[in-house]
Each structure stands twice: as structure tokens, then as C-alpha cells.
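J.:
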Ligand SMILES: Cc1cc2nc3c(=O)[nH]c(=O)nc-3n(C[C@H](O)[C@H](O)[C@H](O)COP(=O)(O)OP(=O)(O)OC[C@H]3O[C@@H](n4cnc5c(N)ncnc54)[C@H](O)[C@@H]3O)c2cc1C
Ligand code: SF4
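In C-alpha cells:
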């Protein structure tokens with residue numbers, strides 16, 4: 063493909079902005095439009111469950127780029143307007159306000175939204191956490207809260223529980239796994255995490271399936287479990303995973319299946335690409351369709367997509383990476399940490415809660431964990447995970 | 435080119451070191467970014483731009499004056 067005359071990016075957050083930046087960095091000088099439905103300039107989500115929720119940062123601190131840097135990007139930033147449909151053949155996106163935007167290449171970067179429980183809409187005291195507005199609303203609520211129940215024991219649920227506990231709220235963390243983040247961390251590190259939460263006074267309830275919400279007079283009173291028990295609460299955060307924002311593509315003809323399905327080049331159709339949390343693409347190294355919900359992927363995939371738009375024809379096959387900060391733990395994961403892996407602590411030690419470990423399966427390294435050892439983890443990644451290795455990462 | 439880093443934003447991902455090892459390193463104790471060269475030579479600019487763009491915490495800022 064020759065250099066496109068125009069590129070349209072739909073979704074003005076981490077992955078969308080990074081795609082625009084990568085295009086410019088790689089020398090693209092043509093027209094660049096970024097369409098986003100949120101009214102805010104692009105901001106980062108990881109601080110929302112940490113510094114912003116804790117009140118340590120003003121919201122502006124979470125902006126991805128300064129006003130100057132956005133200016134220098136020389137892109138048309140259309141905010142507060144949602145894409146409502148895509149004509150794949152014409153590469154035209156229609157927006158809610160009635161704009162028709164046509165480009166040689168269209169990049170879908172619309173991310174994901176929280177899954178909700180039946181009866182959640184309109185109920186006071188129930189929150190999700192995805193956007194800046196969500197974080198600010200939850201913070202206000204937590205400051206007057208007595209008892210928070212977090213429904214969901216994944217990354218987001220565990221982070222919210224830790225931050226809320228830091229604000230002095232009574233916190234229950236409930237979810238189906240035997241320890242928080244077990245799916246991402248495996249038994250060893252999720253066990254450590256459960257310990258850490260317990261020490262800080264979080265009431266961790268493992269092995270609990272959430273069925274719905276209990277309420278009275280339009281206000282939440284607790285979380286209902288499948289056993290019939292109710293965990294009493296005046297605030298509930300629902301953190302039960304996310305669904306890709308692909309509704310607007312429903313009639314486009316693109317293959318939608320837990321994300322926008324793409325080939326190994328992150329392309330969904332001729333001239334149509336997907337990037338970030340919404341993209342599910344063929345990952346050569348991991349062998350299958352993969353969708354990653356982490357911040358590192360947003361920028362790395364953006365770089366790959368930008369290169370392919372400019373004609374590179376390169377497969378995208380990254381080593382997955384994410385981090386999480388909870389209480390005094392800063393955890394880094396490179397690759398994947400399957401439950402049945404053999405864990406080899408190669409630096410530090412678990413007792414002092416500062417260590418780095420290599421995870422092996424069938425005698426081959428598949429993942430690296432750093433627990434308060436980010437640099438050592440990165441070095442181990444470079445040593446052992448140059449090529450990502452097949453392991454079950456897709457949901 | 436002049437580089438500034440915001441240590442408080444840095445999450446220790448090390449993506450910057452992977453992109454431009456001549457310019458960035460990490461502290462042994464907490465993984466926070468260490469700037470080895472705040473005004474790198476021309477030949478490193480492309481790598482530094484990439485490092486700034488891929489930093490998942492937006493902790494690296496560049497100003498491009500001569
Ligand atoms: C609270 C929180 C904490 C996190 N912490 C970490 C962490 O510690 N480490 C880590 O690695 N990752 C973390 N993540 C994940 C990381 O933030 C995401 O992977 C990243 O934001 C993905 O970027 P994205 O641009 O693909 O999607 P998003 O950030 O979801 O952006 C998509 C954008 O598109 C917009 N949009 C949706 N539909 C439309 C439409 N029809 N038209 C126009 N615009 C639309 C959305 O409103 C949004 O602005 C966290 C996420 C959250 C929510
Ligand atoms: S890439 Fe960013 S977050 Fe990671 S170590 Fe470098 S400066 Fe810190």
C-alpha cells in the first residue's frame with residue numbers, strides 16, 4: 063500500500079493517540095483525524111484506580127500529553143462525538159453529530175466498557191471504574207462510605223480494594239477465584255496478594271460467585287451471592303471484566319467476536335485496523351487469537367499498526383506486559399504465568415517480598431514476575447522471553 | 435532535543451530501556467527510570483522519540499529545541 067492520503071482513528075485514548083503519534087514519528091505527514099466520544103483530552107486510565115482515586119493526583123496529571131504536545135501532533139482532534147457506524151468499503155465513519163469522515167485507513171481504537179450486573183442501571187451507590195468521570199464520582203462516594211464491597215477479584219477489583227482501604231473505608235473483596243488475580247498471577251503470587259490485602263484489613267472473600275445486587279428505595283444495600291447470602295454494603299464497585307466497544311460496528315460486516323477480529327497485521331479488512339483493548343488479532347508467537355487489556359499493549363500495538371498502515375506488512379507478536387500497584391507492592395508481569403508453571407525465584411526472596419521469578423512450562427520460559435523488582439524483571443524478560451511462547455492467554 | 439522524566443509517574447515498565455538503552459536505565463531498588471543522557475546526540479533521537487511514545491505511564495517528555 064502506498065502512503066495513505068488520510069488516516070482516521072476512532073477512539074481518543076491511549077491506543078488511539080499512540081497510533082497518531084506513531085504515524086507522525088514514522089514520518090507520516092498526511093491528514094490525521096482522531097474522533098473520540100469522551101469530552102476530555104486523552105488521559106491515562108491506570109492512575110484512575112490508583113493516584114486519582116486516592117486523591118493524590120489532580121485529574122490533569124493523568125493527561126497522556128501536554129497541550130503543546132497535542133498541538134505538535136498536528137491532528138484534528140474531534141472530541142465529545144461518538145462514531146455510530148462504519149462503511150468498510152468506502153472507509154467512511156458516521157458520527158453521532160452527523161459527521162461523515164472518510165479516510166484511506168481507518169483505525170478502530172474504541173476500547174472496552176465495564177460489564178454490569180442485572181438491575182445495576184440507575185441504582186445509587188453502585189459504581190464501575192473505567193473513565194475519569196467514573197473515578198471522580200467513586201472518590202466522592204468513598205469519602206462518605208462505611209462499607210465497600212468490590213464485586214470481582216481481577217486486576218481492577220484488587221486495585222480498587224487496595225486504594226479504598228487506603229482511604230480508611232471498610233472493604234470486602236469478593237470474587238470466584240481462590241485468591242485475587244489468580245488468573246493473571248498464578249497461585250503463588252495471587253496467594254501473596256491475598257495475604258497483603260488481609261494484612262491491610264481487606265476482608266478477602268474467595269470462591270464467591272456474585273449473582274446480583276440487593277437494594278432498597280433505589281439505593282444499593284449489598285451484593286447477592288449465588289448461595290443466597292448477601293454481603294452488606296453502602297457502596298458497591300462492580301469489577302467483573304469488560305466488553306469490547308464494537309456495537310457501532312454491528313452492521314459493518316467486520317468480524318466481531320469478543321473484539322474486532324484481525325489478522326496478524328492487526329488488520330480487520332482492507333485499510334481497516336484495530337488497536338488496543340478492542341483488538342483481537344492473530345498472535346503468531348502465542349498461536350491464536352489474542353486480545354490484551356493492558357496499557358503497554360496499547361502503545362506497542364499502535365506502533366505496529368502505524369507501521370503497517372505505512373506499508374511495513376509486519377506481524378505483531380509482542381511479549382505481553384502489565385503492572386499493578388497495590389499497597390506497597392509493585393508487581394510486573396512479562397509474558398504469561400500459567401497456573402501449572404514451574405516457578406523459579408532467581409532474585410531476592412519471597413519472604414522479604416522483593417523477588418523476581420521465571421515461570422517455565424515444558425522446560426521453557428513463558429513468563430517473568432517481578433514483585434517490587436521491576437528492573438530485575440525487565441532484565442529477565444530480555445534474557446528469557448525474547449520470543450513469546452505459546453500458552454493459554456486468550457479468554 | 436532535551437528530555438525530562440517524571441519519576442513519580444514512572445511505573446517501572448522498562449519499555450524506555452528496551453527502546454533506547456543508551457539513554458534510559460532503571461534504578462535497581464525500585465525500577466524507576468534513570469536518565470543517562472538528557473541531551474542525547476542526533477543519532478539517538480529516533481529511538482528516544484519511540485521510548486517517549488511507548489512509555490505506558492507517559493513519564494517521558496521531550497522538547498525539540500536545537
Ligand atoms: C481503572 C483502570 C486501571 C488500569 N490499570 C492498569 C495498570 O495498572 N496496568 C496496565 O497495564 N493496564 C491498566 N489498565 C488498562 C489500560 O488502561 C487499558 O489497556 C488502556 O486504556 C487501553 O487503551 P485503549 O485506547 O485501547 O482503550 P480505552 O482506554 O478504553 O479507550 C477507548 C476510547 O474510545 C472511546 N470510544 C468508545 N466507543 C467510541 C465510539 N463509538 N466513538 C468514539 N469513541 C469511542 C472511549 O470512550 C475511550 O475514550 C487499567 C484500566 C483501567 C480502567
Ligand atoms: S517506560 Fe516509562 S514507566 Fe517504564 S521505566 Fe521507562 S519511564 Fe518508567
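Protein chains in written order, with the numbering used here: chain S, 63 to 457; chain F, 435 to 500.
Ideal Cβ placement from N, Cα and C applies to all residues, glycine included.
Using a Cβ-Cβ cut-off of 8 Å (strictly less than) and excluding sequence neighbours within five positions of residue 267 of chain S, which residues of its own chain qualify?
T.: Answer for residue 267 of chain S: 234, 235, 236, 237 and 293, listed in chain order.
J.: Could you check whether the Cβ of residue 443 of chain F sits closer than 8 Å to any heavy atom belonging to ligand 2?
T.: For ligand 2, at least one heavy atom lies less than 8 Å from the Cβ of residue 443 of chain F.
J.: Please list, in chain order, the chain S residues whose beta carbon lies closer than 9 Å to that of residue 493 of chain F.
T.: Chain S residues near residue 493 of chain F: none, gap ~10 Å exceeds 9 Å.
J.: Comparing alpha-carbon positions, which option in S:364, S:150, S:114 and S:403 lies nearest residue 337 of chain S?
T.: Here the closest residue by C-alpha is S:364.
J.: Using a Cβ-Cβ cutoff of less than 7 Å, which residues in the same chain neighbour residue 135 of chain S once the five nearest sequence positions on both sides are dropped?
T.: Same-chain partners within the cutoff: 82, 83 and 86.
J.: Determine whether the beta carbon atoms of residue 264 of chain S and residue 287 of chain S lie at a separation below 9 Å.
T.: Their beta carbons are not under 9 Å apart, which means residue 264 of chain S does not touch residue 287 of chain S by this criterion.
J.: Given residue 453 of chain S, which residues of its chain have a CB within under 6 Å of its CB, disregarding the five upstream and five downstream residues?
T.: For residue 453 of chain S, the predicted model reports a pLDDT of 43, less than 50, meaning its position is unreliable and no value from the coordinates is stated.
J.: In this structure, does DSSP put residue 117 of chain S in helix, strand or coil?
T.: Reduced to three states, the DSSP call for residue 117 of chain S is coil.
J.: Let me check you understand the geometry: is the CB of residue 128 of chain S closer than 8 Å to at least one non-hydrogen atom of ligand 2?
T.: No, the Cβ of residue 128 of chain S stays beyond 8 Å of every heavy atom of ligand 2.
J.: Which runs of the alpha helix (DSSP H), 4 residues or longer, sit entirely within the region 347-429 of chain S?
T.: You should have 357-371.
J.: Could you pull the start and end residues of the alpha helix (DSSP H) that residue 246 of chain S belongs to?
T.: 244-261 is the extent of the alpha helix (DSSP H) around residue 246 of chain S.
J.: Does residue 441 of chain F come out as helix, strand or coil in the three-state DSSP assignment?
T.: Coil at residue 441 of chain F, not helix or strand.
J.: Taking residue 343 of chain S as the query, report the chain F residues whose CB atoms sit under 8 Å from its CB, ordered along the chain.
T.: In chain order: nothing, as chain F lies at least about 18 Å away.
J.: Alpha carbon to alpha carbon, how far is residue 239 of chain S from residue 430 of chain S?
T.: Distance between the alpha carbons of residue 239 of chain S and residue 430 of chain S is about 22 Å.
J.: Within 8 Å, do at least three Cβ pairs link the region 88-98 of chain S to the region 66-74 of chain S?
T.: Yes: at least three Cβ pairs fall under 8 Å.
J.: From the DSSP output, in three-state form, read off residue 455 of chain F for me.
T.: Three-state result, residue 455 of chain F: coil.
J.: Under the three-state reduction of DSSP, which class applies to residue 449 of chain F: helix, strand or coil?
T.: Residue state, collapsed to three classes: helix.
J.: Indicate, with yes or no, if ligand 1 has a heavy atom lying under 8 Å from the CB of residue 434 of chain S.
T.: Not under cutoff, so the answer is no.
J.: Along the chain, where does the beta strand (DSSP E) that runs through residue 264 of chain S open and close?
T.: Element bounds for residue 264 of chain S: n/a, residue is neither H nor E.
J.: Residue 154 of chain S and residue 162 of chain S - do their beta-carbons sit closer together than 9 Å?
T.: Yes, they are a contact pair.
J.: Buried or exposed: which applies to residue 487 of chain F, given that a residue is buried once 16 or more other Cβ atoms fall within 10 Å of its Cβ?
T.: Counting Cβ neighbours within 10 Å, residue 487 of chain F comes out buried, since at least 16 surround it.
J.: For residue 363 of chain S, is the beta carbon positioned less than 8 Å from some heavy atom of ligand 2?
T.: Checking every heavy atom of ligand 2 against the Cβ of residue 363 of chain S, none is found closer than 8 Å.
J.: Within a Cβ cutoff of 6 Å, which residues of the same chain sit near residue 383 of chain S, ignoring the five residues on either side of it in sequence?
T.: Around residue 383 of chain S: 358 and 396.
J.: What residue from S:116, S:334 and S:246 has the CA that sits closest to residue 370 of chain S's CA?
T.: It is S:334.
J.: Chain F beta carbons: is any one of them nearer than 9 Å to that of residue 317 of chain S?
T.: It does not; no Cβ of chain F falls within 9 Å.
J.: Any beta-carbon of chain F closer than 9 Å to the one on residue 106 of chain S?
T.: At least one chain F Cβ lies under 9 Å of residue 106 of chain S.
J.: Would you verify that the beta carbon of residue 448 of chain F is, or is not, closer than 9 Å to some beta carbon of chain S?
T.: For residue 448 of chain F, the answer is yes, since a Cβ of chain S falls inside 9 Å of its Cβ.
J.: Of the residues that make up the region 465-486 of chain F, which ones have a beta carbon closer than 7 Å to any beta carbon in chain S?
T.: Those would be 465, 483 and 484, in chain order.
J.: Can you name the start and end residues of the beta strand (DSSP E) that residue 470 of chain F belongs to?
T.: Run containing residue 470 of chain F: none; DSSP gives neither H nor E here.
J.: Could you give the DSSP three-state label for residue 87 of chain S: helix, strand or coil?
T.: Three-state result, residue 87 of chain S: helix.
J.: Examine chain F for any beta-carbon lying closer than 9 Å to the beta-carbon of residue 126 of chain S, and answer yes or no.
T.: For residue 126 of chain S, the answer is yes, since a Cβ of chain F falls inside 9 Å of its Cβ.
J.: Is there a C-beta anywhere in chain F that falls below 9 Å from the one on residue 447 of chain S?
T.: So, not an interface residue.
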